[in-house]
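Just so you know, the sequences run in chain order A and B. Its first residue numbered 1, the first sequence is counted upward by one per residue in the working numbering. Its first residue numbered 1, the second sequence is counted upward by one per residue in the working numbering. Glycine included, every Cβ here is placed at the ideal spot set by N, Cα and C.
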Amino acid sequence: DAGVTQSPTHLIKTRGQQVTLRCSPISGHKSVSWYQQVLGQGPQFIFQYYEKEERGRGNFPDRFSARQFPNYSSELNVNALLLGDSALYLCASSEDPAMNTEAFFGQGTRLTVV
Amino acid sequence: SQKIEQNSEALNIQEGKTATLTCNYTNYSPAYLQWYRQDPGRGPVFLLLIRENEKEKRKERLKVTFDTTLKQSLFHITASQPADSATYLCALYTPNTGFQKLVFGTGTRLLVSP
């Protein structure tokens, strides 16, 4: 079975640009969460989507947005990139956010803003 | 303020010894706590989950304890191997209606020498 897949794996963008990151959850999982991990820190929660609806949002500016598609895949968009947005962006899928189950993470997208 | 603290210094141990990692938290009331392993440039991999009403959980060479009075979890790897070298993250889940937000510590790097 395929795990959580993210694309692209690496990305270099210029300040002020916009970026879209993609995630495909494990088959059968309806929930996708996005996390940002800055070097040397633990992942920080950005969004959770379940059944195509936003269920939760972390403390990130409105430049960050996301959506979930009917096939449960998801995109994370970041506008007006800042140098501080450079990080590993992780996608995690789970069966149901109301169930206390583990999250399965993808390998991440390494975003570098120059 | 809310904090999750893990030893920021790397833990160096010899092969065959038991590694013990600590996760302390303040101003949280987690429903459960999870431990993840993360290798450089990769996404976290789930290891163990322990609920607030459980004192101890085991899986093969891994053992987790959870003391809600001390607000602490200990993660043990017995008979450690060089392949266990990685960063280990603890994550708390605090109930929010309808969504699963994991709050991560900064992680502790474990180095197991042959």
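Per DSSP, what are the beta-bridge partners of residue 51 (chain B) in this structure? According to DSSP, residue pairing for residue 51 (chain B) in a beta bridge involves B:32.
Opposing strand residues paired with residue 11 (chain A) [DSSP bridges]: According to DSSP, residue 11 (chain A) shares a beta bridge with A:111.
Identified DSSP bridge partners for residue 56 (chain A): Paired residues: A:48.
Tell me the DSSP secondary structure of residue 80 (chain A) in three-state form. Under the three-state reduction of DSSP output, residue 80 (chain A) falls in the coil class, being neither helix nor strand.
Give me the Cα-Cα distance between residue 82 (chain A) and residue 114 (chain A), rounded to the nearest whole angstrom. Rounded to the nearest angstrom, the two C-alpha atoms are 8 Å apart.
Roughly how many angstroms separate the alpha carbons of residue 89 (chain A) and residue 58 (chain A), rounded to a whole number? In a straight line, the C-alpha of residue 89 (chain A) is about 14 Å away from that of residue 58 (chain A).
Show which residues of chain B have a CB atom less than 7 Å away from the CB atom of residue 94 (chain A). Residues of chain B passing the Cβ test: 100.
Taking the alpha-carbon positions, what's the residue 54 (chain B) to residue 79 (chain A) distance? Residue 54 (chain B) and residue 79 (chain A) have their C-alpha atoms roughly 43 Å apart.
Residue 101 (chain B): buried (16+ other C-beta within 10 angstroms of its C-beta) or exposed? Flag for residue 101 (chain B) reads buried.
Applying a beta-carbon distance threshold of less than 9 Å, which residues of chain A neighbour residue 109 (chain B)? Within chain A, no residue comes near residue 109 (chain B); the closest Cβ sits about 10 Å away, beyond 9 Å.
What residues from chain A crowd round residue 58 (chain B), counting only those whose CB sits closer than 7 Å? Listed along chain A, no residue sits closer than 7 Å to residue 58 (chain B) by beta-carbon distance, the nearest being about 16 Å off.
Answer yes or no: does any C-beta atom of chain B fall closer than 8 Å to that of residue 48 (chain A)? Output row for residue 48 (chain A): interface = yes.
Are the segment 7–14 of chain B and the segment 99–110 of chain A touching by the rule of at least three beta carbon pairs closer than 8 Å? No, the segment 7–14 of chain B is not in contact with the segment 99–110 of chain A.
Spatial neighbours of residue 35 (chain A) within its chain, please: C-beta separation below 7 Å, excluding the five flanking residues on both sides. Closer than 7 Å at the Cβ level, and outside the excluded window around residue 35 (chain A), lie 43, 44, 45, 46, 90, 92.
Say whether the segment 75–90 of chain B touches the segment 34–42 of chain B, bearing in mind that this needs 3 or more beta-carbon pairs closer than 8 Å, one atom from each stretch. Cβ pair count under 8 Å is three or more, so yes.
Distance between residue 48 (chain A) and residue 54 (chain A) (C-alpha atoms, nearest Å): Separation of residue 54 (chain A) and residue 48 (chain A) (C-alpha to C-alpha, rounded to the nearest whole angstrom) is 6 Å.
Strictly below 9 Å CB to CB, what residues from chain B border residue 103 (chain A)? Here the neighbours are 34, 36, 44, 46, 91, 100, 102.
Which listed residue (B:17, B:68, B:2, B:67) has its alpha carbon closest to that of residue 61 (chain B): Closest in C-alpha terms to residue 61 (chain B), from the list B:17, B:68, B:2, B:67, comes B:17.
Can you look up residue 39 (chain B) in the DSSP assignment and give me helix, strand or coil? When secondary structure is reduced to three states using DSSP, residue 39 (chain B) falls in the coil class, being assigned neither helix nor strand.
Taking 8 Å as the CB-CB limit, is residue 11 (chain A) close to chain B? Interface criterion not met: the Cβ of residue 11 (chain A) is under 8 Å from no Cβ in chain B.
Segment limits, beta strand (DSSP E) that includes residue 67 (chain B): Here the beta strand (DSSP E) through residue 67 (chain B) covers 62–67.
Look at the alpha carbon of residue 77 (chain A) and the alpha carbon of residue 26 (chain B), and state the distance between them as a whole number of angstroms. Distance between residue 77 (chain A) and residue 26 (chain B), taken at the CA atoms: about 33 Å.
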